[in-house]
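Notes follow the structure.
Numbering (our numbering), first residue to last: 1 to 640.
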């Protein structure tokens, strides 16, 4: 093994205590002799959920030598509530110990800067690697095998059962349901996400008519008994076919697929996605069954196509059920809140969709925002001239008529959230996951982390609160004069009468719990640290193997250094007169197996987006290191 810095791992501390240990507290001394992987996560973060899935195979394969410890480090205020962490640990089937760290104490000790971050500790208690973002499971497995061999030889490896204690199963018809729609016959269809199934309920919202899916995690087509899903979420009815029947499209989130369910026959089939997660550089359009998707969270039919909230890559995609194709329709894959032409807009985990005649409403969860897509006004002008346009201009006219723009109704960005009613420009949500169109032209927002149902009226520009004391509402559907809300963390549907007057809620505003990084004025050196895993090298066969994209909110924060490039280090110049903001950094590196005898080396993409709040102060740092993979020699826990 290559020589590594001797960095002693700081102790694991968290005011919320331990989960999945049978009531016992753990220390690093208890774990000595085991390879420990710390997974710094927060349950709002779709990238963190991706990493949970990436680690499942490694966790099972090396169960006698590796202990994964989830360190829950909250972004939102709601995520600092202990019961919410308990719920999330069950919801996402986390099968290892979890430390609830609401004050970010362990996060700070390990100098973590991003969700998700993985830290590897060897059997003697030293930090040997750190990885931010997704796509590192293969590198960590290689490192684990090295550590197993080295410490077996030294006699410092301890094999055996780990400290995980499985919680008692909880009975019930639903477990963390996600979304709901009304079927043409009046019954309700619910995505029973944690049980990997769909449930059809009678109109009372309680009586089970049938379950669709075996209840086992997987990707398998078939009848209602044998089909398999993987944490399904969004549901939408397609327009009726020639026979008058309507199929339901299911956003099968962790399978990275769209599934079709026929209520008449009970048949489930895959209509889009390959089962693999989309990565940078993969196709963004083509035959639906041949293009990878990434955590589709909701679906809605709008403007003659099915729109997909592609939470995993911060985009909206569309599916054409006639042509059987998909394509990226809005968003750049950069995470943030930027309006404008659809192809230039930025989203942050769009998780809820609702269509009206002229708008597609979006619950953009990580920016705590309500946004919408509408046709570009220029498209109407182009379409109006279609009758007189020459044949040469026909394709341009068609393109213009199919152009869309993205606008924000409520919300300001990644780090501001709360519960505040009133004018839209001042109103605040907290990580909403659902949106429902109401008959009067307004929309109801499932304001998930505020435990509330909110309302936005485009006619008045006002936000109000319809109901409170809902546990993680994640979606809703109108049924007659009532609205049926998915109370995900109460494992039920709740029927509410839309009130004549809104509830009055005292205004509460928050910023992210993460402290701003203090940086010095003038020149700031940005270093994205990346070390190719053992046995691999940077892939330069088709040009640069790394990419760095930098921007800021507000844009005026950066006088120089914004934009894209291949070098993972860059000098930024902070503008005079701007005292704080957010640096948006997106980095990618591709590495391949480095062995001359391998004809077709396996290649891997490592990527991460950082949103780093910064405060400019004379005593601040002049260097900002962000670890993508490896160890930063100039910062981190003290080395021996």
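The C-beta atom is built at its ideal place from N, Cα and C for all residues, glycine as well.
CB-CB under 6 angstroms to residue i, same chain, minus the five flanking residues each way: which ones, in chain order?
| i | result |
| --- | --- |
| residue 117 | 40, 132 |
| residue 411 | 367, 368, 369 |
| residue 147 | 35, 122 |
| residue 80 | 74, 102 |
| residue 88 | 43 |
| residue 279 | 605 |
| residue 211 | 197, 199 |
Alpha carbon to alpha carbon, how far is residue i from residue j?
| i | j | result |
| --- | --- | --- |
| residue 397 | residue 238 | Its pLDDT being 48, under 50, residue 397 is placed unreliably by the model, and the measurement read from it follows with that caveat. Going by the C-alpha atoms only, they are around 28 angstroms apart. |
| residue 612 | residue 188 | 42 angstroms |
| residue 48 | residue 242 | 43 angstroms |
| residue 481 | residue 574 | 54 angstroms |
| residue 103 | residue 85 | 13 angstroms |
| residue 222 | residue 261 | 10 angstroms |
| residue 90 | residue 561 | 43 angstroms |
| residue 685 | residue 257 | Any property of residue 685 remains undetermined from this structure, which presents the chain solely from 1 to 640. |
| residue 218 | residue 255 | 8 angstroms |
| residue 375 | residue 406 | 9 angstroms |
| residue 392 | residue 290 | Low local confidence applies: a pLDDT of 49 at residue 392 is under 50, so the model's placement there is unreliable, with the coordinate-based value given in what follows. Taking the straight line from one Cα to the other gives about 33 angstroms. |
| residue 78 | residue 472 | 10 angstroms |
| residue 603 | residue 594 | 10 angstroms |
| residue 523 | residue 633 | 21 angstroms |
| residue 265 | residue 159 | 50 angstroms |
| residue 144 | residue 631 | 16 angstroms |
| residue 518 | residue 431 | 27 angstroms |
| residue 570 | residue 113 | 18 angstroms |
| residue 156 | residue 26 | 19 angstroms |
| residue 136 | residue 119 | 11 angstroms |
If you count every other CB in all the chains shown that lies within 10 Å of the CB of residue i, and 16 or more means buried, which is it?
| i | result |
| --- | --- |
| residue 228 | buried |
| residue 551 | buried |
| residue 134 | buried |
| residue 460 | exposed |
| residue 395 | With a pLDDT of 47 at residue 395, under the threshold of 50, the modelled position of that residue is not reliable, and the figure given next carries that caveat. Exposed is the call here. |
| residue 224 | buried |
| residue 42 | buried |
| residue 315 | buried |
| residue 475 | buried |
| residue 340 | exposed |
| residue 231 | buried |
| residue 371 | buried |
| residue 454 | buried |
| residue 14 | buried |
| residue 54 | buried |
| residue 451 | buried |
| residue 83 | exposed |
| residue 586 | buried |
| residue 641 | Coverage of the chain is limited to positions 1 through 640, which leaves residue 641 absent and any answer about it impossible. |
| residue 245 | exposed |
| residue 208 | exposed |
| residue 285 | exposed |
If you drop the 5 nearest sequence neighbours on each side, which residues of the same chain put their C-beta closer than 7 angstroms to that of residue i?
| i | result |
| --- | --- |
| residue 351 | 297, 298, 309, 311, 363, 365, 433 |
| residue 305 | 318, 319, 320 |
| residue 175 | 192, 194, 195, 491 |
If I follow the unbroken alpha helix (DSSP H) through residue i, where does it start and stop?
| i | result |
| --- | --- |
| residue 105 | 105-109 |
| residue 284 | First-last for residue 284: undefined, no H or E at that position. |
| residue 83 | 82-91 |
| residue 154 | 137-154 |
Beta-carbon within less than 8 angstroms of residue i's beta-carbon, same chain only, minus the 5 sequence neighbours each way: which residues are those?
| i | result |
| --- | --- |
| residue 477 | 180, 181, 182, 188, 436, 483, 484 |
| residue 637 | With a pLDDT of only 49 at residue 637, under 50, the local geometry of the prediction cannot be trusted, and no value is derived from it. |
| residue 516 | 580, 613, 614, 615 |
| residue 30 | 163 |
| residue 346 | 314, 331, 332, 334, 335, 336, 337, 338 |
Which stretch, first to last residue, makes up the beta strand (DSSP E) that contains residue i?
| i | result |
| --- | --- |
| residue 48 | Premise fails: residue 48 lies in the alpha helix (DSSP H), 46-61, not in any beta strand (DSSP E). |
| residue 325 | 325-330 |
| residue 172 | Looking at the DSSP string, residue 172 is not in any beta strand (DSSP E), and its letter there is neither H nor E. |
| residue 338 | It is not in any beta strand (DSSP E) - residue 338 carries neither H nor E in the DSSP assignment. |
| residue 612 | 603-616 |
| residue 315 | 315-320 |
| residue 645 | A query on residue 645 cannot be resolved here, the shown segment of the chain reaching from 1 to 640 and no further. |
- Task: Examine the Cβ distances between the region 569-589 and the region 606-623 and report whether three or more of them are shorter than 8 angstroms.
- Result: yes
- Message: With three or more beta-carbon pairs closer than 8 angstroms as the criterion, would you say the region 435-444 touches the region 416-427?
- Response: no
- Answer yes if the region 60-74 comes into contact with the region 157-177, meaning at least three C-beta pairs across the two stretches below 8 angstroms, and no otherwise. yes
- Query: Do the region 311-327 and the region 195-207 make contact, defined as three or more Cβ pairs closer than 8 angstroms?
  - Reply: no
- Are three or more beta carbon pairs between the region 484-500 and the region 521-538 nearer than 8 angstroms? no
- Query: Touch check for the region 149-156 and the region 6-18: three-plus C-beta pairs under 8 angstroms?
  - Reply: no
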